[in-house]
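>
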Amino acid sequence: MNSPHIRKAEQKDLTKITQLLIRCAEDMHQQGMPHWLGVYDDNSVKQNLLTKQVYVLEKDDQILGCIAIGTDKAGYYADCWPKAPKADVYITQLAVSPDMQGAGYGKRLMQFCLNQVQDKTVQLDAVDHYPALLKFYKNLGFQIIATGIGLGDKRHLFSYSANR
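For the sequence shown, numbering that gives the first Met the number 0 gives the first residue as 0, with consecutive numbering after it.
#1: Based on Cα-Cα distance, which residue from Asp26, Gly69 and Asp124 lies nearest to glycine 149?
#2: So if DSSP puts serine 2 in a beta bridge, which residue, or which two residues, is it bridged to?
#3: Applying the criterion that 16 or more other CB atoms from any shown protein chain within 10 Å of the CB defines a buried residue, is glutamate 9 buried or exposed?
#4: Using a Cβ-Cβ cutoff of less than 7 Å, which residues in the same chain neighbour aspartate 12 once the five nearest sequence positions on both sides are dropped?
#5: Would you mind sorting leucine 36 into buried or exposed? The rule is 16 or more other CB atoms within 10 Å of its CB.
#6: Within this structure, are the beta carbons of aspartate 71 and asparagine 1 separated by less than 8 Å?
#7: Would you report the Cα separation of isoleucine 66 and glutamine 100, rounded to the nearest angstrom?
#8: Please classify histidine 155 as buried or exposed, where buried requires at least 16 neighbouring CB atoms within 10 angstroms.
#9: Do the stretch 23–35 and the stretch 106–118 touch if we need at least three Cβ pairs shorter than 8 Å?
#10: Does serine 96 come out as helix, strand or coil in the three-state DSSP assignment?
#11: Secondary structure at valine 88, three-state DSSP: helix, strand or coil?
#12: How should leucine 49 be labelled, buried or exposed, when 16 other C-beta atoms within 10 angstroms of its C-beta is the threshold for buried?
#13: For the beta strand (DSSP E) that contains lysine 58, what are its first and last residues?
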């Protein structure tokens, strides 16, 4: 049995990544957080693979988690936080298989990405009704810099800079 490792996602991973994101969306929906339902499909994942740096955490050919780093902010950022400063990079699509959550894989993916971007400013957002995730980001050194309504949910914009 191999230990989990992080690698750059490839086109051949598309279906497995999509399935993981849909499983996570369904799991969050069962916990009363439907905000990911219908967001991810093969087309959106393919677009991320083409326009972002997507990484997977893999063990024994099974994708346990994924994360994406891009230079473009999500379209709803302009409406939600019109005065927010632009970041160098944006983290999206952090997901860990529901049956593997709590094993430190999300933290490992986040730390990997922060090491990739080193001295750049990083932003990401999270819905207000997911307090465990808000705490997770704060524990990694992210700070809430703005709050607003986006895609029908109260959301927080987080920022991180290694040069604080």
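The C-beta atom is built at its ideal place from N, Cα and C for all residues, glycine as well. Keep in mind the model is a prediction, meaning the values are calculated, not measured.
Taking the coordinates as given:
#1: Numbered from its first residue, the sequence shown carries residue 149 at position 150. Taking only the C-alpha atoms, the option nearest glycine 149 is Asp124.
#2: As a first step, residue 2 is located in the sequence shown; it is residue number 3 there, counting from the start. DSSP output for serine 2 lists no bridge partner at all.
#3: In the sequence shown, the residue the question calls residue 9 occupies position 10. With fewer than 16 other Cβ atoms within 10 Å, it is exposed.
#4: In the sequence shown, the residue the question calls residue 12 occupies position 13. Within the same chain, aspartate 12 has close Cβ partners Val55 and Ile62.
#5: Taking the sequence shown and counting its residues from 1, one reaches residue 36 at position 37. Under this definition leucine 36 is an exposed residue.
#6: What you label residue 71 is simply residue 72 of the sequence shown in a count that begins at 1. What you label residue 1 is simply residue 2 of the sequence shown in a count that begins at 1. With respect to the 8 Å criterion, aspartate 71 and asparagine 1 are not classified as neighbours on the basis of their beta carbons.
#7: Working through the sequence shown from its first residue, we reach residue 66 at position 67. Working through the sequence shown from its first residue, we reach residue 100 at position 101. About 14 Å.
#8: Sequence index remark: in the sequence shown, residue 155 carries index 156 (1-based). Histidine 155 comes out buried.
#9: Short answer: they don't touch.
#10: As a working mapping, residue 96 is identified with position 97 in the sequence shown. Residue state, collapsed to three classes: coil.
#11: Walking along the sequence shown from the start, residue 88 turns up at place 89. Here valine 88 sits in strand by DSSP.
#12: Against the sequence shown, residue 49 aligns to sequence position 50. When all chains shown are included, leucine 49 counts as exposed.
#13: Working through the sequence shown from its first residue, we reach residue 58 at position 59. For lysine 58, the enclosing beta strand (DSSP E) stretches over residues 52–58.
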